[in-house]
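Residue numbers (my numbering): 80 to 140.
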């Protein structure tokens, strides 16, 4: 994955390849001389923890 940052350091676009970022810059008339392309790490899925349901009579005496 690649990110296209403008001259202010703001992330403008995330694409699967450099060509997608260049196409975005051309579409919106962004000067590539004033932008930077950076490799981005692939996102990792986060584990979701769920609450376990308690049995109604399990904790009471």
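A virtual CB, placed ideally from N, CA and C, is assigned to each residue, including glycine.
Keep in mind the model is a prediction, meaning the values are calculated, not measured.
query = residue 104: buried (16+ other C-beta within 10 angstroms of its C-beta) or exposed?
reply = buried
message = Using a 10 Å radius around the Cβ and a threshold of 16 neighbouring Cβ atoms, would you call residue 83 buried or exposed?
response = buried
task = For residue 86, collect the residues of the same chain with a Cβ closer than 6 Å to its Cβ; drop the 5 residues on either side in sequence, then sort them by chain order.
result = 113
request  = Can you tell me which of the three DSSP states residue 111 falls into?
outcome  = helix
inquiry  = Quick check on residue 106: does DSSP put it in helix, strand or coil?
reply    = helix
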